[in-house]
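Asker: Pasting a structure below so you can have a look.
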Amino acid sequence: MTVTFPQKGLPWLLLLPQLLVTAVFFLWPAEQALEQAFYQEDAFGLSREFVGLDNFLDLFTDPLYYQSMLTTLVFSFSVAIFGMSIALLLAVMADRVIRGKLTYQTLLIWPYAVAPALAGVLWWILFDPSMGPIALWLESMGLDWDHYLNGGQAMILVVIAATWKQISYNFLFFLAGLQAVPRSLIEAAAIDGAGPFKRFWTIVFPLLSPTTFFLLVINLVYAFFDTFGVIDATTKGGPGQSTNILVYKVFEDGFVGLDLGSSAAQSVVLMAIVGVMTVIQFRFIERKVQYS
Amino acid sequence: MQNLKIASMVVGMSLASSGFAATEVEWWHAMGGANGEKINEIAKGFNDSQDAYVVKPVFKGNYTETMTSAIAAFRAKQQPAIVQVFEVGTASMMAAKGAIYPVHQLMRESGQPFDESAYLSAVTGYYTSSEGKMLSMPFNSSTPVLYYNKDLFEKAGITQAPKTWQEVETTAKKLQSSGVSCGFTTAWQSWVQLENMSARHNVPFATLDNGFGGLKTELAFNGDLQVAHVKKMGEWQQNGIFSYSGRTNDGAAKFYSQECAMFTESSAGYAGIKRNATFDFGVTELPYWEGKVKQPSNTIIGGASLWVLQGHSKEEYKGVASFLTYLSRASVQADWHQFSGYLPITTAAYDLTKGQGFYAANPGTETAVVQMTTGTPTANTKGLRLGNFVQIRGVIDEALESVWSGDVDAQTALNTAVKRGNALLRKFEKAND
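Note that the protein sequences, when read in sequence, are chains A and B.
Position 120 of the first sequence, counting from 1, maps to 121 under the numbering used here, and the rest follow consecutively.
Position 393 of the second sequence, counting from 1, maps to 414 under the numbering used here, and the rest follow consecutively.
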């Protein structure tokens, strides 16, 4: 059923605050980035030269840029998948806790309050090859841990650091989703003889799918855009190029290197990638989502 | 925008009224912790010494953040009069001709007595124009030295600190046979093991006098000496004589835990090492390769200098000039040098510190000064002036890591780094032409 407003102006007026926020904080900066991407400029803005597509050509003729894209995909999907599965597991368990429920849930939400850079440093120390407790433990198990030299291990470390924080956020949504699943359905299934696993996969999980889908989009966007703090505080993209994700390169080239043109071009590419990904998700994955 | 201007005027007026008639000079810096407090003390010392000007230090975060916020402020016409910029930002600052007010010119135009020969040329050299004029005021400068664990040396029966890389190798082997797992580790690998390595042997790091000769400079650190050194370090990484510990100064942990017996790190790391080392340690000059150079040259500085930005009133610049004069006073300099471990910037401050018996009481603190002042700096040891240097260092880090992990040989890695670095230099040239 559609609601119609008698006047034409009122809906716009009601939408105005949200539209204004979107315009000022999203559209305007995006437009600025788009414009900047076609210029080459010194850091102080004293001279500016229109260079057409040069900034983009530089990127797409650089084999390392493609490597960075691949690294980003590996990183982002790892963060999203691990972050969501662990959070779901914790949420299912927290949902069953009866005593001390609130304390348990609150504790699980805490890490979300930790800034990404701090989360990075925390894990960095825990895994420090010469004094980190986890690294020392791994060594005693016969595994040589050295994220300063081993690219794969460095990747594992930044994935853990970036995921850890996000688990809390996912947990919150999954828990709310679980609590919205009608008890009667689960009880009915139980009476029909379905075990806990069967109940979960055939009833709870499908009913959670809107939450899962929402979290997938949010988590991928987080991994693509919000994780430069983790990388900056830990590996700085190394060793070699092994953890140099796209958004870190944007940050490095723009804020540290002061190469605004290239940094802007990179963020335009990043925006395009995330845009395409979101469209794909909404077109193909959302079909499988069951909104009640 | 208009509102912002009005708001800043209101803020400005309220600040001005609290300082009576004194002209305010804002100084953005990147010194946190104890050094930051010392900066406030220096500013207070200046403010108390006269009543025409008030210097207001503002902490802006790390070096990168400070420089980026000063640039952003400049674009919004809200820039401070003085900003502290790290050494790798020098080329960017220099190229911004309309944004900076060269120190030598400021001093002349403000009528302040200014004798450039009073400063240590090895320190100021980094910040002078190709005509030898000081563009910025050196503030905190350091240079890499070798720290070693005296206790472990004694246990291994070693009586002398290594002077050459050959001796580092033999010393490390002796240490290893006495049960130490790692010979040495390094902080800031590009700065210590490539930039200063080259300077120590009077070998160019880049063409056109390491970039001092103009924007057309090209990287040259893939020469025989550098390749041989990096190759050797790659081998050492495999047999434990060297142990890599990251791009910054995380290696300190390995030195503190006595896992590594030697550590090449900035002379400014002295205070930290003194605080954290539970053992007796010594400081010696950065090693060189025997047979590659007769007399090792001076090393290059790192750290930061103070740049004066355009867009302020004549009166403010007078305040800046008299503050820079105050900062160069032997007593102020000597105090800062002794407190922070950074190098003194004037000969007078060095002599004063020596006269006060500071070096005798704190063995190892003079090493860096002596190393810096050996001989006259040459075109290869004056410093480095490269655009996009921060990214170039990133490229070098990646190349070195690929050698340490054994994936790529030294020659190929350095060739690739030179090629990628040159592309960054050309880009800088294009943007700043």
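All residues carry an ideal CB built from backbone N, CA and C; glycine is no exception.
In this text, all values refer to a predicted model and were calculated from it rather than measured experimentally.
Tell me the DSSP bridge mates of residue 21(B)?
Answerer: Because chain B here runs from 22 to 454, residue 21(B) falls outside it and cannot be looked at.
Asker: So, helix, strand or coil for residue 327(B), using DSSP?
Answerer: For this step, residue 327(B) is matched to residue 306 along the second sequence. Strand at residue 327(B).
Asker: Looking at the structure shown, is residue 173(A) part of a helix, part of a strand, or coil, going by DSSP?
Answerer: Within the first sequence, the letter at position 172 stands for residue 173(A). If DSSP states are grouped into helix, strand and coil, residue 173(A) belongs with the helices.
Asker: Tell me whether the beta-carbon of residue 156(A) lies closer than 7 Å to the beta-carbon of residue 279(A).
Answerer: On the first sequence, residue 156(A) is found 155 positions in, with the first residue counted as 1. On the first sequence, residue 279(A) is found 278 positions in, with the first residue counted as 1. No, the Cβ-Cβ distance between residue 156(A) and residue 279(A) is not below 7 Å.
Asker: Put residue 49(A) into one of helix, strand or coil per three-state DSSP.
Answerer: For the purposes of this step, residue 49(A) is taken as the residue at position 48 of the first sequence. In this structure, residue 49(A) counts as strand in the three-state DSSP scheme.
Asker: Between residue 32(B) and residue 43(B), what straight-line distance do the alpha-carbon atoms span, to the nearest angstrom?
Answerer: As a first step, residue 32(B) is located in the second sequence; it is residue number 11 there, counting from the start. As a first step, residue 43(B) is located in the second sequence; it is residue number 22 there, counting from the start. Its pLDDT being 48, under 50, residue 32(B) is placed unreliably in this model, and the value from its coordinates should be taken loosely. Roughly 16 Å between the two C-alpha positions.
Asker: Got a sec? Which residues, its chain only, sit under 7 Å from residue 391(B) by beta carbon, not counting five neighbours each side?
Answerer: Counting from one through the second sequence, the residue named residue 391(B) turns up at place 370. For residue 391(B), where only same-chain residues beyond five positions count, there are no Cβ hits under 7 Å.
Asker: Looking at the unbroken alpha helix (DSSP H) that takes in residue 199(A), where does it start and where does it end?
Answerer: Working through the first sequence from its first residue, we reach residue 199(A) at position 198. From DSSP, the alpha helix (DSSP H) with residue 199(A) extends over 197-200.
Asker: Take every Cβ of the stretch 339-355 of chain B, pair it with every Cβ of the stretch 59-76 of chain B, and state whether three or more of those distances are shorter than 8 Å.
Answerer: Yes, since at least three Cβ pairs between the stretch 339-355 of chain B and the stretch 59-76 of chain B fall closer than 8 Å, the two stretches touch.
Asker: Find the residues of chain A that neighbour residue 19(B), judging by a C-beta separation of less than 8 Å, and give them in chain order.
Answerer: A query on residue 19(B) cannot be resolved here, the shown segment of chain B reaching from 22 to 454 and no further.
Asker: Compute the Euclidean distance between the alpha carbons of residue 181(B) and residue 330(B), then round it to the nearest angstrom.
Answerer: Here residue 181(B) refers to the residue found at position 160 of the second sequence. Here residue 330(B) refers to the residue found at position 309 of the second sequence. Computed Cα separation, rounded: 48 Å.
Asker: Could you tell me if residue 339(B) is buried or exposed, where buried requires 16 or more neighbouring beta carbons within 10 angstroms of its beta carbon?
Answerer: Looking up residue 339(B) in the second sequence gives position 318. Its Cβ being crowded by 16 or more others within 10 Å, residue 339(B) is buried.
Asker: I'd like to know if the stretch 200-220 of chain B and the stretch 269-283 of chain B are in contact, where contact means that at least 3 CB-CB pairs between them fall below 8 Å.
Answerer: Result yes; three or more Cβ-Cβ pairs closer than 8 Å.
Asker: In its own chain, which residues sit with a C-beta less than 6 Å from the C-beta of residue 291(B), not counting the 5 before and 5 after it?
Answerer: Taking the first residue of the second sequence as 1, we reach residue 291(B) at position 270. Taken in chain order, the residues that qualify are 362.
Asker: Sorted by chain position, which residues of the same chain lie with C-beta nearer than 6 Å to residue 265(A)'s C-beta, five sequence neighbours on each side aside?
Answerer: Counting from one through the first sequence, the residue named residue 265(A) turns up at place 264. Same-chain partners within the cutoff: 34, 37 and 38.
Asker: Considering only their Cβ atoms, is the gap separating residue 436(B) from residue 243(B) smaller than 7 Å?
Answerer: Against the second sequence, residue 243(B) aligns to sequence position 222. Against the second sequence, residue 436(B) aligns to sequence position 415. In this structure, residue 436(B) lies closer than 7 Å to residue 243(B) by Cβ.
Asker: Report yes or no: is there a C-beta of chain B within less than 7 Å of the C-beta of residue 44(A)?
Answerer: If you number the first sequence from 1, residue 44(A) lands on position 43. At least one chain B Cβ lies under 7 Å of residue 44(A).
Asker: Exposed or buried, residue 17(A), counting other C-beta atoms within 10 Å across all chains shown (16 or more means buried)?
Answerer: Indexing the first sequence from 1 puts residue 17(A) at position 16. Per the 10 Å Cβ criterion, exposed.
Asker: Would you please state the rounded distance, in angstroms, between the beta carbons of residue 88(A) and residue 171(A)? I believe it to be under 8 Å.
Answerer: The count along the first sequence starts at 1 and reaches residue 88(A) at position 87. The count along the first sequence starts at 1 and reaches residue 171(A) at position 170. Right, their Cβ atoms sit about 3 Å apart.
Asker: In three-state terms, what does DSSP make of residue 74(B)?
Answerer: Looking up residue 74(B) in the second sequence gives position 53. Of the three classes helix, strand and coil, the one that applies to residue 74(B) here is strand, per DSSP.
Asker: On the criterion of 16 or more Cβ atoms from any shown chain inside 10 Å, does residue 20(A) qualify as buried, or is it exposed?
Answerer: Walking along the first sequence from the start, residue 20(A) turns up at place 19. Its Cβ having fewer than 16 others within 10 Å, residue 20(A) is exposed.
Asker: Enumerate in chain order the residues of its own chain whose CB-to-CB distance from residue 122(A) is below 6 Å, with the five nearest sequence positions on each side excluded.
Answerer: Your numbering for residue 122(A) matches position 121 in the first sequence. Result list for residue 122(A): 234, in chain order.
Asker: When we look at the beta-carbon of residue 184(A) and count the other beta-carbons within 10 Å, is it buried (16 or more) or exposed?
Answerer: Taking the first residue of the first sequence as 1, we reach residue 184(A) at position 183. By the 10 Å Cβ count, residue 184(A) comes out exposed.
Asker: Skipping 5 residues on each side, what residues in its chain have a beta carbon closer than 7 Å to that of residue 131(B)?
Answerer: Residue mapping note: residue 131(B) aligns to position 110 of the second sequence, counting from 1. Around residue 131(B): 338, 339 and 342.
Asker: Assuming residue 358(B) contacts residue 102(B) (C-beta within less than 8 Å), just tell me the rounded distance between them.
Answerer: Here the question's residue 358(B) lines up with position 337 in the second sequence. Here the question's residue 102(B) lines up with position 81 in the second sequence. Residue 358(B) to residue 102(B), Cβ: 24 Å. No contact.
Asker: Are the CB atoms of residue 80(A) and residue 162(A) nearer to each other than 7 Å?
Answerer: Position 79 of the first sequence, counting from 1, holds the residue named residue 80(A). Position 161 of the first sequence, counting from 1, holds the residue named residue 162(A). In this structure, residue 162(A) does not lie closer than 7 Å to residue 80(A) by Cβ.
Asker: Using a C-beta cutoff of 7 Å, does residue 267(B) count as contacting chain C?
Answerer: Reference to chain C is not applicable here, since the protein chains of this structure are A and B.
Asker: Just the Cα atoms here: how many angstroms apart are residue 285(B) and residue 31(A)?
Answerer: Along the second sequence, one-based indexing puts residue 285(B) at 264. Along the first sequence, one-based indexing puts residue 31(A) at 30. When rounded, the distance between both Cα atoms is 45 Å.
Asker: Under 7 Å Cβ to Cβ from residue 413(B), same chain only, skipping five residues before and after it: list those, please.
Answerer: Counting from one through the second sequence, the residue named residue 413(B) turns up at place 392. Cβ neighbours of residue 413(B) beyond the five flanking positions: 407, 442 and 445.
Asker: I'd like the list of long-range same chain contacts for residue 69(A), defined as Cβ closer than 8 Å, with 5 residues on each side in sequence excluded.
Answerer: To locate residue 69(A), count along the first sequence from 1; it is residue 68. 242, 245, 246, 247 and 250.
Asker: If you draw a straight line from the alpha carbon of residue 22(B) to that of residue 25(A), how long is it in whole angstroms?
Answerer: Locating residue 22(B) in the second sequence gives position 1, where the first residue counts as 1. Locating residue 25(A) in the first sequence gives position 24, where the first residue counts as 1. Reliability of the predicted coordinates at residue 22(B) is poor, the pLDDT of 44 falling under 50, and the value obtained from them is presented with this limitation in mind. Using only the alpha carbons, I get a separation of about 14 Å.
Asker: Between the Cα of residue 217(B) and those of 323(B), 120(B), 303(B) and 146(B), spot the shortest distance and give me the residue it belongs to.
Answerer: Working through the second sequence from its first residue, we reach residue 217(B) at position 196. Looking at the Cα atoms, 323(B) is the closest of the given residues.
Asker: In chain B, which residues lie less than 7 Å from residue 257(A) when you measure between Cβ atoms?
Answerer: As a position in the first sequence, residue 257(A) is number 256, starting the count at 1. Here the neighbours are 85 and 411.
Asker: What is the DSSP secondary structure of residue 162(B), reduced to helix, strand or coil?
Answerer: Position 141 of the second sequence holds residue 162(B). It is a strand residue.
Asker: Using a Cβ-Cβ cut-off of 6 Å (strictly less than) and excluding sequence neighbours within five positions of residue 151(A), which residues of its own chain qualify?
Answerer: In the first sequence, residue 151(A) corresponds to position 150, counting from 1. Within the same chain, residue 151(A) has no close Cβ partners at all.
Asker: Using 8 Å as the Cβ pair cut-off and three pairs as the minimum, do the stretch 220-239 of chain B and the stretch 201-219 of chain A touch?
Answerer: They do not touch, by the three-pair rule.
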